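Everything in the sequence shown is counted per full-length UniProt numbering, starting at 1 for the first residue and increasing by one. For each residue, glycine too, the CB sits at the ideal point set by N, CA and C. Given the structure is predicted, the values throughout are model-derived calculations rather than measurements. Worksheet: one structure, shown below.
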Amino acid sequence: MTTPDPELSALLHESRQFDPPAELAAHANAQPDVYQRAKEDRLGFWADQARRLTWDREWDDVLQWELPYAKWFVGGTLNAAVNCVDRHVDAGNGDRVAFHWVGEPEDDTRAITYRQLKDDVCRAANALTDLGVRAGDRVAIYMPMIPETVVAMLACARLGAPHTVVFAGYSADALKTRIIDCDAHVVITADGSWRKGSINPLKPAVDEAVSECPDVRSVLVVRRTEQDVDWTDGRDVWWHDVVDSASPEHVAEMFDAEHPLYVMYTSGTTGKPKGVLHTTGGYLTHVSATCRLIFDMKPETDVFWTAADIGWVTGHSYIVYGPLANGVTSVMYEGAPDAGGKDRWWKIIEDYKVTILYTAPTTIRTFMKWGEEYPRAHDLSSLRILGSVGEPINPEAWIWYRKNIGGNKTAVVDTWWQTENGGVLITPLPGITRTKPGAAMQPFPGISADVVNNEGRAVANGEAGFVVITEPWPGMLRGIWGDDERYKKTYWSKFEGVYFAGDGAKKDEDGDFWLLGRVDDVMNVSGHRISTTEVESALVSHPSVAEAAVVGASDAVTGQGIVAFVSIKAGVDEEGDAGAALVDDLRATVARQIGKIARPRQILLTPELPKTRSGKIMRRLLLDVAEHRELGDVTTLADSSVVSAIADQMEAST
Ligand code: 6R9
């Protein structure tokens, strides 16, 4: 691992700055004294945030910290679903819309009030109880972007049964691995999902996955796309049969603040995904506070839209738990950004008068490619805050976003965080921060972050290094499911006593943070984290493949694009059509084992891969090749002619 080179980053030449919009600043939930308050009494600040939730019993201690294990709000009890739903109804806001749900087919919309959501969550909790789900049991959720997905998650939370939501773009194999790893006995899914006007079947993937999960006893199926599905009697049950008829009365049990809320799988540097564990009180405090202070949520007037998938942590924290804990109205959209036209999003914003939009740079770059005429055709004047998350946002994309979507008047918040963090850690505050396009600026109040060099010492302003979090925070992961050693090794062994994020960053002359991307082998494709090892393993599983090396090459649209270098076994025909067919087959293999999102952008069939003398594949050089750069240092190679041959081949192929 090398320290990121700040000179490689064009970000450094960015000098534009933007003051917070005056109107926003005047009424913002976060006023400038918030930083000072949190600095003077960090735990007191977090306790104040926690008090905005409804607790059944208040905690005895805000924090107990035994490195690397934190317990927050120790002794406190609460129920996450009650905090997200019931208490808003009890406070007289039952008629407020929780979700304006927009289906992909036009005119397929639903408005769900907090009262309806409460009834649905209670029904689902009763139905799950009938299926034998008890506090502590894990439930796997493999669902499209429909309201039932939120209901399913909250029903699990209500029962204290940690959910594990598996992104519906993942394959049967990926689903199986996750079900087995967290030992879920119940799976919730749908017949299919809509994607650009066609049906993407989900139930067959669940059938395939579950055929190898002997402990799964129930599959609860929502009818969404209405095509025929195979049915296993005694195991499969329709949601409309058991949930719709269940009682809307359910008395929620209160759980310890540290009771597990969910497990979310994310890629690590080895092939096996990590089950990141989040618990209840600290997590809910963190996501609720960040919603209120970063997105300045005003439940009476705001319409919030996180345009992300629920299967990503961003969906968990900023579609489900954070906005609902604040009692705000959200938009939830089922489909692709260009379903029904390249202006679909802008039409949604106009129709629902969305005030806050949160999305990823990869999507913003796609919109840039499509052109300004699409947003221009709609009235987007309701917007007041734009958020970005998932990867570094290029200054040009930031400026484009603010100008074409924000009408040059909104605040833009570039929020840095990770699945492991639970909620945002480094970000501007929209009514306070003078923003710099491309910079995530400063740690959120109550968060202690720094940039350190190889020795773990804080770098001076103007220098780059590794992002570390130096104090525990409420939304932090509590471990990796079933793998304590990996938890310690991945996050707490690189530098003593601090959390190692795996990202590079630079602190500029003012001490503001500019994130520079991952320093390990995790790629970021359209905001999805995919490990190089995972894709390599899939490729190598193909009978014709000898070896594979995968790199994430920078890509103008997706952030990184997967480029695979594959050496095939002797005797396998790779000339002409046979080679093309093999490449197709390899892409299909990756799609099957991991998901379509992991299909390489380019596969180069090469006779050999460049290796060190000790046999390690030199991905760094392959990245140079994939990005059409001069080759870096080749002196550690066993045979340097291998990589120059690959470079020639790459130039010939593009
Ligand atoms: C929330 C989320 C985490 C990785 C993280 C970093 C990258 C996220 C970023 C950003 C620069 C930002 N990342 N936000 N990089 N600026 N604003 O994305 O979680 O899927 O776990 O990914 O994403 O590299 O380490 P997750």
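Asked	Found
C-beta contact flag for Thr359 and Ser388 at 9 angstroms	yes
Coarse secondary structure for Gln64, derived from DSSP in three states	strand
Beta-carbon proximity list for Met650, same chain, < 8 angstroms, skipping 5 on both sides	Leu604, Val625, Ala626, His628
Within the region 398-472, ranges of the beta strand (DSSP E) (whole runs, at least 3 residues)	411-414, 449-452, 464-469
Bridge partner(s) assigned by DSSP for Gly265	Checking the sequence shown, residue 265 turns out to be Tyr, not Gly. Answer is Gly275, bridged to Tyr265.
Reduced DSSP category for Arg195 - H, G, I as helix; E, B as strand; rest coil	strand
Residue of His27, Glu66, Arg158, Gly44 minimising C-alpha distance to Asn83	Arg158
Whole-angstrom C-beta distance between Ser317 and residue 734, which should lie under 8 angstroms	Nothing about residue 734 can be read from this structure; the chain reaches only from 1 to 654.
Glu253 CB to nearest heavy atom of ligand 3 below 8 angstroms	Summarising the ligand content, the structure contains ligand 1 and does not contain ligand 3.
C-alpha gap between Val303 and Ala98, whole angstroms	10 angstroms
Neighbourhood of Arg134 by C-beta, 6 angstroms cutoff - its chain only, sequence neighbours within 5 removed	none
Distance cut-off 8 angstroms: Glu334 Cβ against heavy atoms of ligand 1	no
Neighbourhood of Ala172 by C-beta distance below 7 angstroms, restricted to the same chain and skipping five residues each side	Ala205, Glu208, Ala209
Heavy atom of ligand 1 within 8 angstroms of Trp305 beta-carbon	no
Ligand 1 heavy atom lying under 8 angstroms from the CB of Asp414	yes
Pair within 9 angstroms by beta-carbon distance, Cys122 and Glu249	yes
Any non-hydrogen atom of ligand 1 closer than 8 angstroms to Ile562 Cβ	no
Identity of the residue in Asp183, Ala111, Tyr170 nearest Asp137 by Cα	Asp183
Contact between the region 326-345 and the region 91-106 (3+ Cβ pairs under 8 angstroms)	yes
Counted within 10 angstroms of its Cβ, other Cβ atoms place Val468 as buried (16 or more) or exposed	buried
9 angstroms Cβ cutoff met for Gly282 and Phe73	yes
Anticipated Cβ contact below 8 angstroms, Asp512 with Ala439, distance rounded	5 angstroms
The region 549-557 / the region 360-374 touching (three or more Cβ pairs under 8 angstroms)	yes
Close-in-space but distant-in-sequence residues of the same chain around His278 (CB under 6 angstroms, 5 per side omitted)	Leu261, Tyr262, Gly422
Exposure label - Glu66; buried when at least 16 CB within 10 Å	exposed
Closer than 8 angstroms: Thr290 CB and nearest ligand 1 heavy atom	no
Lys534 Cβ short of 8 angstroms to ligand 1 heavy atom set	The sequence as given places Glu at residue 534; Lys does not occur at that position. No - ligand 1 has no heavy atom lying nearer than 8 angstroms to the Cβ of Glu534.
Alpha-carbon spacing of Asp338 relative to Tyr374, whole angstroms	11 angstroms
Buried versus exposed, by CB contacts within 10 Å (16 or more), Gly571	exposed
Any non-hydrogen atom of ligand 1 within 8 angstroms of Trp417 CB	yes
Cβ pair Gln593, Ser541 closer than 9 angstroms	yes
Endpoints, beta strand (DSSP E) assigned at Tyr491	Not the beta strand (DSSP E): Tyr491 falls in the alpha helix (DSSP H), residues 484-492.
Lys569 (DSSP reduced to helix, strand or coil)	coil
Exposed unless 16 or more other CB atoms sit within 10 angstroms - verdict on Glu258	buried
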